[in-house]
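Residue numbers (mature numbering (1 follows the signal peptide of the UniProt record, and there is no 0)): -23 to -1, 1 to 511. In this text, a Cβ means the ideal position worked out from N, Cα and C, and glycines have one as well. Worksheet: one structure, shown below.
Shown next as structure tokens:
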């Protein structure tokens, strides 16, 4: 803290003793010219004024003291002058005069001294006009191109580039560095007249305009067109916006016309016959293209009249007519596109049975271009059934295109609460599983009955706890034999016969433990005869 206060005290003391020091100012001068080194000071009275001008602090130029004449040093004797306000004029400047010039003014009455420094910058004047040139003679669209502002042996501080008198360095694709302007890349819209201006503090010079042409093919395809009114037909072949310009040839009705970028021809409408051909050929930058136009009424090569278009009720349908060119008789080297067509106007009708214009609205919507028309019918009902006509018209006539719309009943929608596909599949699987279980149960029941029937057919049981088979004895009273009874054995009683009595006989198996099951059961019959006494 004490150190900083001490430095501040010494600074103030030196300022008082030495006087004030003004800020540095700069003056520009040209080689061979003159400058005035002017200072803004409050001067002492002449009797107390002492002044000295120095160059680079040590070379004395001129001095002034009270009662004495102005003294110039030998180096500046012939080319400088000290004016009454202490302004120093320097003449015949050279590059060696560039540097610091210091004026020291003393007030002898109070012992105060003031110092002012002026910096002199000496430049050579720009004496030649810069030359703006490109690094390529044919800048191609999409390539990197540079422009150079050439100014040899000139003292230049700034370079500025202009396109059509507007600063050319403001675009993001353009960079300006020193004497060069670079396109990253150049595009067709960069064409124009370019200039560069070189400048130093003394003067400036601007180059002559440099026409920059960007080479490239036209963006659009070659165009063949014909526009007519009641009297004339305006024929046009056009392929513009290329650099260099395209050479165009128009061929119509045995005559050929040529031009750059486009060719125009007017012919009376009554001299143009239907199906005449307009052919345009263009050549530019090594590329050749052609187009052809048939002057005829609207034509659609792939259209079939009265074709049926089925549509269900509630759906939407779109009817379309697309015009095509007629290629018959056209012979050209390169057709790109092959054929162009005349624009047409389209009108839609519904035949009920007379043609009635289709109303525009939510139900009907017609959208057309010069070569295509679409009629969309929304939410079709039975009333839209029938024939529709699209009428296309141009300067050479009109063509009628017919459609038959066949409206059919829509499918019956399923009930809203019906079973879904998953539910139906589950039911089917459940039914099949139930049938399989029933089949297995029936199989075992039948199998058990068969075993039981085989056992009963024997009629004997091998053990005491087994019950034998019940057999029946059939007793017939034979009336013809005088009442003699005839007895027979059977397994099944016969209830539908008269005069038949049955006796149940049970037999026990006394011999075998296991039942004897014959492979084929046999039925035996025994007859018991009783003789009745007469």
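Cα-Cα separation, residue i to residue j
| i | j | result |
| --- | --- | --- |
| residue 72 | residue 132 | 12 Å |
| residue 97 | residue 176 | 18 Å |
| residue 38 | residue 57 | 9 Å |
| residue 2 | residue 105 | 30 Å |
| residue 13 | residue 192 | 54 Å |
| residue 250 | residue 111 | 53 Å |
| residue 60 | residue 66 | 8 Å |
| residue -8 | residue 18 | Because the pLDDT at residue -8 is just 35, under 50, the model does not fix this residue reliably, and the point stays unresolved. |
| residue 9 | residue 180 | 14 Å |
| residue 248 | residue 159 | 56 Å |
| residue 303 | residue 183 | 59 Å |
| residue 331 | residue 271 | 32 Å |
| residue 32 | residue 90 | 18 Å |
| residue 147 | residue 222 | 29 Å |
| residue 121 | residue 376 | 53 Å |
| residue 282 | residue 379 | 5 Å |
| residue 320 | residue 152 | 47 Å |
| residue 363 | residue 325 | 13 Å |
| residue 69 | residue 154 | 34 Å |
| residue 268 | residue 285 | 35 Å |
| residue 365 | residue 165 | 49 Å |
| residue 211 | residue 243 | 5 Å |
| residue 119 | residue 138 | 21 Å |
| residue 318 | residue 186 | 44 Å |
| residue 49 | residue 99 | 22 Å |
| residue 245 | residue 136 | 59 Å |
| residue 522 | residue 109 | Within the shown structure, residues of the chain are numbered from -23 to 511, placing residue 522 beyond reach of any answer. |
| residue 15 | residue 25 | 21 Å |
| residue 94 | residue 75 | 13 Å |
| residue 230 | residue 208 | 18 Å |
| residue 263 | residue 144 | 34 Å |
| residue 235 | residue 316 | 21 Å |
For residue i, the residue or residues it bridges with in DSSP
| i | result |
| --- | --- |
| residue 50 | DSSP, once it has assigned bridges, lists no residue as partnering residue 50. |
| residue 171 | 140, 187 |
| residue 325 | 367 |
| residue 30 | 39, 80 |
| residue 334 | 326 |
| residue 210 | 205, 244 |
| residue 6 | 99 |
| residue 351 | 297, 344 |
| residue 380 | 284, 365 |
| residue 152 | 159 |
| residue 90 | 83 |
| residue 182 | 175 |
| residue 589 | Only positions -23 to 511 of the chain appear in the structure, and residue 589 is not among them; the question remains open. |
| residue 135 | 176 |
| residue 220 | 193 |
Whole-Å CB distance - residue i paired with residue j, under 8 Å assumed
| i | j | result |
| --- | --- | --- |
| residue 348 | residue 299 | 7 Å |
| residue 276 | residue 301 | 6 Å |
| residue 123 | residue 157 | 6 Å |
| residue 189 | residue 171 | 5 Å |
| residue 41 | residue 51 | The Cβ separation is near 17 Å, so there is no contact. |
| residue 341 | residue 328 | Rounded, the Cβ-Cβ distance is 14 Å, inconsistent with contact. |
The beta strand (DSSP E) enclosing residue i, as first and last residue numbers
| i | result |
| --- | --- |
| residue 372 | Taken as a continuous stretch (DSSP letters only), residue 372 belongs to no beta strand (DSSP E), as it is neither H nor E. |
| residue 201 | 200 to 205 |
| residue 162 | That residue, residue 162, is in no beta strand (DSSP E); it is neither H nor E in DSSP. |
| residue 229 | 224 to 229 |
| residue 261 | 253 to 261 |
| residue 38 | 36 to 41 |
| residue 517 | This structure leaves residue 517 out entirely; the chain is present only between -23 and 511. |
| residue 269 | 264 to 272 |
| residue 69 | Neither: residue 69 is in no beta strand (DSSP E) and is coded neither H nor E. |
| residue 111 | 108 to 111 |
| residue 13 | 12 to 14 |
| residue 127 | 122 to 127 |
| residue 59 | 57 to 59 |
Any C-beta of chain B under 7 Å from that of residue i
| i | result |
| --- | --- |
| residue 354 | Absent here is chain B; the protein component of the structure consists of one chain. |
Distance cut-off 6 Å: residue i Cβ against heavy atoms of the ligand NAP
| i | result |
| --- | --- |
| residue 120 | Of the ligands one can find in the structure shown there are none, so the ligand NAP has no counterpart to examine. |
TODO: Could you tell me whether the segment 103 to 118 touches the segment 76 to 86, using the rule of 3 or more Cβ pairs below 8 Å?
DONE: no
- [ ] Check whether the segment 198 to 215 touches the segment 121 to 138, taking contact to mean three or more Cβ pairs, one atom from each stretch, closer than 8 Å.
- [x] no
TODO: Inspect the CB distances between the segment 220 to 233 and the segment 256 to 274 and report whether three or more fall short of 8 Å.
DONE: yes
Task: Segment contact, 8 Å Cβ cut-off, at least three pairs: the segment 279 to 297 with the segment 349 to 359 - done: yes
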